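Heads up: the protein sequence lines correspond to chains A and B, in order.
Quick note: the first sequence uses this note's numbering, first residue 1, plus one each step.
Quick note: the second sequence uses this note's numbering, first residue 1, plus one each step.
Glycine included, C-beta positions come from ideal geometry on N, C-alpha and C.
Just so it is clear, the structure is predicted and the values come from calculations on it, not from any experiment.
First the structure, in the form of structure tokens, and then the observations on it.
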Amino acid sequence: MLKIAVMIKQVPDSQDISIDPVTKTLNRSMARNVVNPPDVNATEAAIQLKDRYGGEITVITMGPPMADTALLQLMGMGADNGVLVTDRVFAGADTWPTALTLASVADYLGGFDIIICGEETTDSSTGHVGPGIAEFLQCEQATYVHKVEYQDGYFIVNRDIEGAEETIKIGSPAVITITLNANEPRNPTLRRKIEAYKKGVRLVTNKELQLDPTCIGLKGSPTIVKDMKTVPDPVKNPSKPGIEELDKIVTVLMEKGVVK
Amino acid sequence: MPEYDAIVVGAGNAGSAAAITMASKGLSVLLVDRSDPPGAKNLSGGVLWGNDLSQILPKWQSEAPLERFIQDKKIGFLTEKSSIVIDFKTEIFKENKVGYTVLRSKFDPWMAKKAREAGATVIPGITVESLAMKDGNIVGVVESGDIITSNVVILAEGINPRLAIEAGLREPLQDWEVSVGVKEIIKLSPQKIEDRFNLSSTSGMASEYILGNLQELNVGAFFYTNKDSISLGIVSPMEQLRENGVTHTYDIIEQFKEHPSIAPLIDGGTVAEYGAHMIPEGGLDMVPKIFGNGYMIVGDAAGFGFSNGLVLQGMNYAFLSGILAGETAIEAKARNDYSSNVLAMYREKLENSYVLKDLKTFKDIRKVTNNRNMYTTYPKMLEGILLEMLWERGQPKKKVRDILGSCAADLKMSKLKTATDFYYIYRRM
Numbered sequence: 001m002l003k004i005a006v007m008i009k010q011v012p013d014s015q016d017i018s019i020d021p022v023t024k025t026l027n028r029s030m031a032r033n034v035v036n037p038p039d040v041n042a043t044e045a046a047i048q049l050k051d052r053y054g055g056e057i058t059v060i061t062m063g064p065p066m067a068d069t070a071l072l073q074l075m076g077m078g079a080d081n082g083v084l085v086t087d088r089v090f091a092g093a094d095t096w097p098t099a100l101t102l103a104s105v106a107d108y109l110g111g112f113d114i115i116i117c118g119e120e121t122t123d124s125s126t127g128h129v130g131p132g133i134a135e136f137l138q139c140e141q142a143t144y145v146h147k148v149e150y151q152d153g154y155f156i157v158n159r160d161i162e163g164a165e166e167t168i169k170i171g172s173p174a175v176i177t178i179t180l181n182a183n184e185p186r187n188p189t190l191r192r193k194i195e196a197y198k199k200g201v202r203l204v205t206n207k208e209l210q211l212d213p214t215c216i217g218l219k220g221s222p223t224i225v226k227d228m229k230t231v232p233d234p235v236k237n238p239s240k241p242g243i244e245e246l247d248k249i250v251t252v253l254m255e256k257g258v259v260k
Numbered sequence: 001m002p003e004y005d006a007i008v009v010g011a012g013n014a015g016s017a018a019a020i021t022m023a024s025k026g027l028s029v030l031l032v033d034r035s036d037p038p039g040a041k042n043l044s045g046g047v048l049w050g051n052d053l054s055q056i057l058p059k060w061q062s063e064a065p066l067e068r069f070i071q072d073k074k075i076g077f078l079t080e081k082s083s084i085v086i087d088f089k090t091e092i093f094k095e096n097k098v099g100y101t102v103l104r105s106k107f108d109p110w111m112a113k114k115a116r117e118a119g120a121t122v123i124p125g126i127t128v129e130s131l132a133m134k135d136g137n138i139v140g141v142v143e144s145g146d147i148i149t150s151n152v153v154i155l156a157e158g159i160n161p162r163l164a165i166e167a168g169l170r171e172p173l174q175d176w177e178v179s180v181g182v183k184e185i186i187k188l189s190p191q192k193i194e195d196r197f198n199l200s201s202t203s204g205m206a207s208e209y210i211l212g213n214l215q216e217l218n219v220g221a222f223f224y225t226n227k228d229s230i231s232l233g234i235v236s237p238m239e240q241l242r243e244n245g246v247t248h249t250y251d252i253i254e255q256f257k258e259h260p261s262i263a264p265l266i267d268g269g270t271v272a273e274y275g276a277h278m279i280p281e282g283g284l285d286m287v288p289k290i291f292g293n294g295y296m297i298v299g300d301a302a303g304f305g306f307s308n309g310l311v312l313q314g315m316n317y318a319f320l321s322g323i324l325a326g327e328t329a330i331e332a333k334a335r336n337d338y339s340s341n342v343l344a345m346y347r348e349k350l351e352n353s354y355v356l357k358d359l360k361t362f363k364d365i366r367k368v369t370n371n372r373n374m375y376t377t378y379p380k381m382l383e384g385i386l387l388e389m390l391w392e393r394g395q396p397k398k399k400v401r402d403i404l405g406s407c408a409a410d411l412k413m414s415k416l417k418t419a420t421d422f423y424y425i426y427r428r429m
């Protein structure tokens with residue numbers, strides 16, 4: 001019976017965000033909120049672990065009160081519990097206090113055999129939080145995992161490393177981060193969603209965690225943004241084929257007998 | 001014992017109105033929508049007449065995400081080179097604000113939120129697969145192999161009601177029943193909108209046109225001001241699109257946008273969104289049996305919409321039909337009888353309201369909206385008359401009667417044919 005936690009984040013749908021040319025910040029006003037895509041893969045990985053080895057899954061997010069819909073969606077997929085870590089003092093956090101806060105929540109909830117995160121978020125792409133949680137909790141970790149099994153108290157994971165795949169064995173408790181498209185996430189069902197809405201999510205604030213206010217939120221964030229630059233769209237390389245070249249390519253392929 | 005008193009499928013205006021009506025009277029309600037947030041995939045032209053909304057959400061005018069109240073309503077004809085428009089701007093609209101431009105992707109999630117606040121269980125992001133039936137009664141909905149049961153299912157699925165069709169509650173849509181609407185949202189600063197259309201920071205303009213500049217199609221167009229964008233689009237009957245083999249409806253919207261009287265109004269704007277949707281235009285003839293054992297059909301799914309070429313309404317019919325279905329379900333619960341005997345009350349309520357009264361009054365309106373002359377000959381005739389009357393070019397003046405005669409002759413219309421056509425249009429509108 002594994003105690004599994006999944007750390008997730010609600011992010012603006014990357015299809016709907018643009019960069020404000022003046023302020024150089026993300027314009028999120030048109031974007032609806034979605035679960036960070038690799039976090040959905042992380043949840044699917046958790047459900048597969050539960051299906052095979054038995055267990056209980058808690059999805060956890062730190063965010064504003066409206067982030068409860070993200071938890072409810074994942075509970076609709078098959079997670080058992082949802083925990084929303086929400087408090088004004090957590091606002092404005094960069095990856096350091098975020099990892100600290102989430103690690104503290106895991107501790108506060110009694111600890112887990114495995115904590116699963118997405119490889120990175122689509123709105124900041126640092127990949128810091130998973131490893132950060134592992135460091136704060138002093139447990140073993142594996143990043144960029146696309147497959148995980150559990151044997152004799154150890155997790156056997158397959159990691160994507162550049163140009164190859166690495167299989168390693170890590171002890172419990174463990175933190176792993178799951179790659180985007182590592183698996184095919186199941187759809188939430190109406191029945192499970194109804195149950196999730198009935199059950200609701202558990203709220204955790206800093207009253208429960210009692211973290212030093214100078215270590216969390218904006219105050220606890222060591223990152224200082226010095227400058228932001230927008231990168232222009234890459235110039236079209238005329239030597240590389242574009243859409244208009246497709247017909248030519250198809251003709252050549254047909255001449256060579258590659259396609260019929 | 002069913003799990004819910006009522007399951008509502010679809011969080012559009014009709015579905016949410018029904019859910020709010022029932023939940024606020026203590027019924028247990030499940031409102032399911034395919035989109036997350038609920039209702040965010042919904043689309044319509046964008047003018048909401050919210051008179052009926054006051055019944056269930058008295059503070060809607062101050063709480064809902066509305067764009068601008070309609071103070072200026074225009075109706076008109078466009079020909080290739082001219083626009084002939086009646087501009088009705090009135091303080092009466094300002095004193096009684098009921099018409100607003102809205103963006104449904106913001107408004108509908110708000111309605112669904114209100115349903116949740118009223119006590120309904122609102123589940124987004126789920127597409128119901130089919131209706132659960134037992135002994136000829138609708139007893140719930142099916143999804144992922146699970147049956148969720150209820151005493152009554154309210155089908156608010158929208159214009160293409162797949163569940164109702166698959167359950168045999170109505171026939172598949174026919175071409176004549178619908179038009180295709182194509183819409184763009186064009187970003188424009190509030191400053192530009194207010195300057196260009198002579199508006200205040202809260203007032204808005206809604207125009208509807210008959211396009212007399214297209215050869216084969218009876219196309220209507222709309223142009224509405226939002227806070228910082230314009231909603232514009234075209235509406236074309238499916239039947240004609242198919243007959244003429246027109247698949248590129250975006251060409252039509254481009255022609256509208258490039259019209260000399262429209263292009264300057266959107267100059268400097270950027271297209272932020274575009275979409276297309278079907279619109280019920282079959283009138284009373286397309287309305288199916290809207291109730292039966294354990295179900296009622298509301299809004300677009302029931303074909304409740306009104307168009308006469310110059311006025312295009314649907315959201316008000318959605319609100320009211322949703323409310324009336326909700327009231328009927330409340331009554332059915334009180335009697336503990338959800339059979340078609342009791343649910344027939346929904347039809348009666350609609351008969352006594354403007355929803356079915358309008359559809360009855362205008363049952364022949366398609367003969368007007370299908371009249372080719374409305375879209376080709378008459379806009380040109382009007383243009384000709386106005387040119388004769390208003391343009392001084394050193395020619396002797398003619399009486400209106402003679403102008404009419406010569407314009408009709410130029411367009412190969414006999415006086416008799418024009419007169420009878422006008423008479424029928426007059427009678428049907």
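Considering only residues of the same chain and omitting the five flanking positions on each side of residue i, which have a CB-CB separation below 8 Å?
{"i": "residue 385 of chain B", "result": "400, 403, 404 and 407"}
{"i": "residue 24 of chain B", "result": "56, 118 and 119"}
{"i": "residue 206 of chain A", "result": "87, 89, 90, 213 and 216"}
{"i": "residue 108 of chain A", "result": "204, 208 and 209"}
{"i": "residue 215 of chain B", "result": "376"}
Identify, in the order they occur along the chain, each residue of the same chain with its Cβ nearer than 6 Å to the Cβ of residue i, setting aside the five sequence neighbours on each side.
{"i": "residue 263 of chain A", "result": "The question about residue 263 of chain A has no answer, for chain A in this structure spans 1 to 260."}
{"i": "residue 7 of chain B", "result": "30, 141, 150 and 153"}
{"i": "residue 115 of chain B", "result": "16, 19, 20, 31 and 122"}
{"i": "residue 150 of chain A", "result": "53"}
{"i": "residue 22 of chain A", "result": "none"}
{"i": "residue 166 of chain A", "result": "159"}
Name the two residues that bound the continuous beta strand (DSSP E) containing residue i.
{"i": "residue 377 of chain B", "result": "Looking at the DSSP string, residue 377 of chain B is not in any beta strand (DSSP E); the run it does join, the alpha helix (DSSP H), is 377–390."}
{"i": "residue 33 of chain A", "result": "33–35"}
{"i": "residue 164 of chain B", "result": "No beta strand (DSSP E) holds residue 164 of chain B; the alpha helix (DSSP H) holding it covers 162–166."}
{"i": "residue 157 of chain A", "result": "154–161"}
Strictly under 8 Å for the Cβ-Cβ distance: is residue i near chain B by that measure?
{"i": "residue 189 of chain A", "result": "yes"}
{"i": "residue 32 of chain A", "result": "yes"}
For chain A, check one thing: does any of its Cβ atoms lie closer than 8 Å to the Cβ of residue i?
{"i": "residue 103 of chain B", "result": "no"}
{"i": "residue 30 of chain B", "result": "yes"}
{"i": "residue 148 of chain B", "result": "yes"}
{"i": "residue 121 of chain B", "result": "yes"}
{"i": "residue 67 of chain B", "result": "no"}
{"i": "residue 144 of chain B", "result": "yes"}
{"i": "residue 233 of chain B", "result": "no"}
{"i": "residue 430 of chain B", "result": "Because chain B in this structure spans residues 1 to 429, residue 430 of chain B falls outside the shown range and cannot be described."}
{"i": "residue 126 of chain B", "result": "yes"}
Run through DSSP, which three-state label would residue i get?
{"i": "residue 299 of chain B", "result": "helix"}
{"i": "residue 106 of chain A", "result": "helix"}
{"i": "residue 172 of chain B", "result": "coil"}
{"i": "residue 112 of chain A", "result": "coil"}
{"i": "residue 202 of chain A", "result": "strand"}
{"i": "residue 151 of chain B", "result": "strand"}
{"i": "residue 165 of chain A", "result": "strand"}
{"i": "residue 117 of chain A", "result": "strand"}
Spatial neighbours of residue i within its chain, please: C-beta separation below 7 Å, excluding the five flanking residues on both sides.
{"i": "residue 35 of chain A", "result": "8, 10, 70, 73 and 74"}
{"i": "residue 271 of chain B", "result": "184 and 186"}
{"i": "residue 104 of chain A", "result": "209 and 211"}
{"i": "residue 196 of chain B", "result": "265"}
Return the first residue and the last residue of the alpha helix (DSSP H) that residue i is part of.
{"i": "residue 322 of chain B", "result": "315–335"}
{"i": "residue 246 of chain A", "result": "246–255"}
{"i": "residue 351 of chain B", "result": "340–351"}
{"i": "residue 22 of chain B", "result": "13–23"}
Could you check whether the Cβ of residue i sits closer than 7 Å to any heavy atom belonging to the ligand MN?
{"i": "residue 75 of chain A", "result": "Ligands in the displayed structure: none, and consequently the ligand MN is not present."}
Quiz item: Which residues, in chain order, does the segment 35–56 of chain B contribute to contact with chain A at a C-beta distance below 8 Å?
Solution: Within the segment 35–56 of chain B, the residues whose Cβ lies closer than 8 Å to some Cβ of chain A are 36, 37 and 40, listed in chain order.
Practice problem: Quick one: which residues of the segment 190–201 of chain A get their C-beta closer than 7 Å to a C-beta of chain B? List them in chain order. | Solution: Of all residues in the segment 190–201 of chain A, 190, 191, 193, 194 and 197 have a Cβ within less than 7 Å of some Cβ in chain B.
Quiz prompt | Under 8 Å (Cβ pairs) to chain B, residues found in the segment 63–82 of chain A | solution = So the list reads 69, 73 and 76, given in the order they occur along the chain.
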